[in-house]
Amino acid sequence: MENFIYHRPTKPADAVKAMKDAADGKFLSGGMTLLPTMKQGLASPSDIIDLGGLGNSGVEVGADKVTVKAGTVHANVAIDKGVKKAIPALAALAGGIGDPHVRNRGTIGGSIANNDPAADYPAAVVGLNATVVTSARSVPGDKFFTDIFTTALKDDEIVTAVEFPVPKRAAYVKFPNPASRYAMVGVMVAELKDGSVRVAVTGAGPKVFRVPEMEKALEANFSADAIGGIKVKASGLNSDMHASPEYRAHLVTVLARRAVAAAK
Amino acid sequence: MSAISMKVNGKAVCGAVEPRTLLVQFLRENLGLTGTHVGCDTSQCGACVVHVNGTAIKSCTALAVACDGAEVTTVEGLAKNGKLHPMQEAFREHHGLQCGFCTPGMLMAAVDLVNRKGKTLDEATIRHELEGNICRCTGYHNIVKAIQAGAENM
Ligand SMILES: Cc1cc2nc3c(=O)[nH]c(=O)nc-3n(C[C@H](O)[C@H](O)[C@H](O)COP(=O)(O)OP(=O)(O)OC[C@H]3O[C@@H](n4cnc5c(N)ncnc54)[C@H](O)[C@@H]3O)c2cc1C
Ligand code: FES
Ligand code: FES
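Here the protein sequences come in this chain order: Z and B.
The numbering used here applies: residue -7 is where the first sequence begins, and numbers increase by one.
The numbering used here applies: residue 248 is where the second sequence begins, and numbers increase by one.
Right, dumping it as structure tokens:
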């Protein structure tokens, strides 16, 4: 790993300033993606701005909204009693990320800023119609993930929290890669309080996407059978040694059906 | 170089590190605590697991500077007064190791698991919780048995 200048600001404004002043700075949260990337020489930032000093961690659960601060580690979302009660699908998703040690370090802010095509949280952000709050503005979940490993964030913008509306019912089901536990395909199905339904798919394509045909069918009839005949197109889906695009397309329907059946 | 200090296995320690120094390097190279192993160096295998402020983390994927002021427990901190920790004893008793390379991480993960989930652990829970710890030779069977027994004796 190349050397860098290390900063540990205690105020968000100082973090933004340190980034503005840096030649080629990077924010650091749990480091579970950034540090391995730097070890491999795929990133060699001039400055590391560690957001750990901001103390921006914790969950607030209200009647209509669950707010997860950006520095909250996956393990704490998974065991939070309030989250388990308000949005059990979100707690379960967080508890299924990687392994215990990864969950003790990896954060929601780092996960969504990174926007790995196989990451779990993007399915929750889009599927639950969440809002991403940053140091500069609020971004609707649908507009946040712009492309593979790319988001709407500017270079000096920090994710500070994610606000999840409490749905009527929801479930997340993933087919984990047996080695890494990342999603080969993961599907979040949610019926929101206004009766609208969202189906958000991660792992299958270059970035999280919705399946409008399934959403419409489920709004008319929220049952697994209502979407049994709806398939997504394989073209454009991810292809790697683990699964072909056709297999991933097949999994989308299988997992969406399971998520509908499990929604609570 | 940055000056850092920590409490490692109950003892106050300090040192000067480069920002890029990993926690595992600080433990092994600066402090000589070579019980913590580096298996993969890519955050997968769990051989490097230590406890930082009470939670299990992969020390190959944490900056030492970021752990300034932390309380760290390594495998060397498990035994007390020359007596093996119940989890270590159980690994010996149940043949939970062959080459021993993964063992420090297994032990630290196992103790963390008991701290979180209590002393009564079923096999499925233990196997699920070991997803971040890879063993390439003993086979998991005896590791799982050892953890189940060690947990009961903790
Ligand atoms: C073995 C292993 C298995 C994993 N399995 C899974 C899995 O099954 N599912 C899954 O979803 N993930 C998985 N992960 C990823 C992990 O859970 C983290 O979510 C991920 O590494 C990013 O979070 P982090 O806090 O570690 O971010 P970092 O690594 O610190 O940062 C990642 C990127 O985000 C930027 N960043 C960080 N915080 C912010 C912020 N607040 N604002 C703006 N930018 C920011 C950084 O600059 C960097 O570019 C796995 C990781 C490992 C090592
Ligand atoms: S050496 Fe740290 S996870 Fe393998
Ligand atoms: S005992 Fe040899 S790797 Fe586990």
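Every residue, glycine too, gets a C-beta built ideally from N, C-alpha and C.
Just so it is clear, the structure is predicted and the values come from calculations on it, not from any experiment.
- Counting C-beta pairs closer than 8 Å gives three or more between the region 347 to 360 of chain B and the region 316 to 334 of chain B, which meets the contact rule.
- A distance below 7 Å between beta-carbons, with the five flanking residues on each side excluded, links Thr99 (chain Z) to the following residues of its chain, in chain order: Ser21, Gly22, Ala62, Gly63, Thr64, Val65.
- Interface with chain Z (8 Å Cβ-Cβ cutoff): Ile373 (chain B) is excluded.
- Taking the Cα positions, Gln335 (chain B) is about 12 Å away from Lys392 (chain B).
- Contact between Ile150 (chain Z) and Ala7 (chain Z) is confirmed by a C-beta separation of about 6 Å, below the 8 Å threshold.
- Gly379 (chain B) and Lys305 (chain B) have their alpha carbons spaced roughly 9 Å apart.
- Nearest to Glu276 (chain B) by C-alpha distance, out of B:Cys287, B:Ile394, B:Tyr387, B:Gly262, is B:Gly262.
- Cα atoms of Val260 (chain B) and Arg95 (chain Z): separation of roughly 27 Å, rounded to the nearest angstrom.
- Think of a sphere of 9 Å around the beta carbon of Leu310 (chain B): the chain Z residues whose beta carbon falls inside it are Tyr(-2), Leu20, Gly23, Leu27, Ile40, Asp42, in chain order.
- In this structure Pro204 (chain Z) is not in contact with Lys185 (chain Z), their Cβ atoms being roughly 20 Å apart against a cut-off of 8 Å.
- Annotation: Glu(-6) (chain Z) to Val69 (chain Z) spans about 33 Å, alpha carbon to alpha carbon.
- Beta-bridge pairing by DSSP links Gly286 (chain B) to no other residue.
- For Met253 (chain B), no alpha helix (DSSP H) run applies; the uninterrupted beta strand (DSSP E) run containing it begins and ends at 249 to 255, by DSSP.
- Here Pro114 (chain Z) is buried. Its C-beta has 16 or more other C-beta atoms within 10 Å.
- Interface annotation, Gly293 (chain B): in contact with chain Z, CB-CB separation under 8 Å.
- Distances taken from the Cβ of Met176 (chain Z) to the heavy atoms of ligand 1 include none shorter than 7 Å.
- Scanning the region 61 to 114 of chain Z for uninterrupted alpha helix (DSSP H) segments of 4 residues or longer gives 66 to 71, 73 to 78, 80 to 87, 92 to 95, 100 to 106, listed from N- to C-terminal end.
- Straight through space, the alpha carbons of Ser36 (chain Z) and Met401 (chain B) are spaced by roughly 44 Å.
- Interface residue (Cβ-Cβ distance to chain Z less than 8 Å): Arg267 (chain B) is classified as such.
- The beta-carbon of Asn(-5) (chain Z) is placed less than 8 Å from the nearest beta-carbon of chain B.
- Only exposed fits Met233 (chain Z), as fewer than 16 other CB atoms lie within 10 angstroms of its CB.
- Within its own chain, the residues whose Cβ lies closer than 6 Å to the Cβ of Cys292 (chain B), once the five positions on either side in sequence are excluded, are Gly286, Ile381, listed in chain order.
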